[in-house]
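**Student:**
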Amino acid sequence: MDGQIIVVEGFYTDNNNKLYGQYYYDEILSKEKHHKITIQITQSLKSKLSSGNYYNFQGYVTRGQSLDNNSKLGVYFRVTKIFEHKEDVQIVSKVEYDIIRARFDREFPIIQDILLKKIELQQKPTLDIITGIQSTSHDDYISQLLDKDYFNIRHYKCNLSTSLEIIQFLESYDFKDSYLLVILRGGGSG
């Protein structure tokens, strides 16, 4: 792949580095913002870019000339041409977009209105609050619930560090009579 012309697209990041030889060493961040590659770019090409914008770049992969302190050989993408700047970039994947779109295509209730109707009918809506096992936020959020006497509040502790444990916890309890399920992170660990 060394020397073969390829096209890479992503968000350009100006690292504000000095010019080394003929090149600046900046980065391209993937659309999903999970991956990045260091680029070598000339001053004339760099002047056409704006940090944080999405571009298509043409160039080739090149290796560094020496090992770094961790005995690794650097690999860079040397930019030879900038094809286009894209104004509107869909940052979420098609699957994520479809899920979000489906959620907004259906009408969803305003929780505050539902809770107020129950209170007006002299009913105490159930609120389920899940916090981390080591959480220290109980007193903080209880002190902020000014109308707590109008609700039936149930407290739960769960390890919120892993999605698997959260899913297992949610499957192990019946929240069907709950009007509001709150997962509260912060204040402690886990």
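Just add 179 to the spot in the sequence shown (first one is 1) and you have our numbering.
Where is the CB? At the ideal position from N, CA and C, for every residue including glycine.
1) By Cβ distance, which residues of its chain are closer than 7 angstroms to Gly369, with the 5 residues on each side in sequence left out?
2) Label Val361 either buried or exposed according to how many other C-beta atoms from any shown protein chain fall within 10 Å of its C-beta, with 16 as the threshold for buried.
3) Ser226 to Lys327, Cα distance in whole Å?
4) Is the stretch 238-247 close to the stretch 195-203, with three or more CB pairs under 8 angstroms?
5) Give every residue of the same chain whose Cβ lies closer than 6 angstroms to the Cβ of Asn331, excluding the five residues on either side of it in the sequence, and list them in chain order.
6) Identify whether Ile352 lies in helix, strand or coil by the three-state DSSP scheme.
7) Measure the Cβ-Cβ separation of Tyr233 and Glu188 and say whether it is below 9 angstroms.
8) What do you reckon, are the CB atoms on Leu228 and Ile220 nearer than 9 angstroms?
9) My assumption, with CB atoms under 8 angstroms, is that Ile290 sits in contact with Leu363. Please give the rounded CB distance.
10) Express the C-alpha separation of Leu325 and Asp307 in angstroms, rounding to a whole number.
11) What's the call for Val258, buried or exposed, on a 16-neighbour Cβ count within 10 Å?
12) Note the first and the last residue of the continuous beta strand (DSSP E) segment covering Glu299.
13) What do you get for Phe190, buried or exposed, if any count of 16 or more other CB atoms within 10 angstroms of its CB means buried?
14) With a threshold of 16 other CB atoms inside 10 Å of the CB of Ile218, please say whether the residue is buried or exposed.
15) Going by DSSP, what residue range makes up the alpha helix (DSSP H) through Ser322?
16) Tell me which same chain residues have a C-beta within less than 6 angstroms of the C-beta of Gly365, skipping the five on either side of it?
**Tutor:** Answer, in terms of the structure:
1) For Gly369, the predicted model reports a pLDDT of 43, less than 50, meaning its position is unreliable; a value from the coordinates is still stated below. Same-chain partners within the cutoff: Gly311, Ile312, Gln313, Asn338, Leu339, Ser340.
2) Looking at its Cβ environment, which holds fewer than 16 other Cβ atoms inside 10 Å, Val361 is exposed.
3) Each residue's alpha carbon lies about 58 angstroms from the other.
4) Flag = no, the stretch 238-247 and the stretch 195-203 do not touch.
5) In the same chain as Asn331, and ignoring 5 residues on each side of it, the C-beta atoms closer than 6 angstroms to its own belong to Lys303, Thr305, in chain order.
6) Residue 352 is actually Tyr in this sequence, not Ile. Three-state result, Tyr352: coil.
7) Contact: yes.
8) Taking 9 angstroms as the Cβ cut-off, Leu228 and Ile220 qualify as a contacting pair.
9) Taking a contact as a CB-CB distance under 8 angstroms, the pair Ile290 and Leu363 does not count as one, their CB atoms being some 15 angstroms apart.
10) The alpha-carbon separation between Asp307 and Leu325 amounts to approximately 16 angstroms.
11) The C-beta of Val258 has 16 or more other C-beta atoms within 10 Å across all chains shown, which makes the residue buried.
12) Glu299 -> not in any beta strand (DSSP E); alpha helix (DSSP H) instead, spanning 290-299.
13) In summary, Phe190 is buried, with 16 or more beta-carbon neighbours lying within 10 Å of its beta-carbon over all protein chains present.
14) Sixteen is the threshold: when 16 or more other Cβ atoms of the shown chains lie within 10 Å of the Cβ of Ile218, as they do, the residue is buried.
15) That run of the alpha helix (DSSP H) goes 317-323.
16) Here Gly365 has Ser316 as same chain residues with Cβ atoms under 6 angstroms from its own Cβ, once five neighbours each way along the sequence are excluded.
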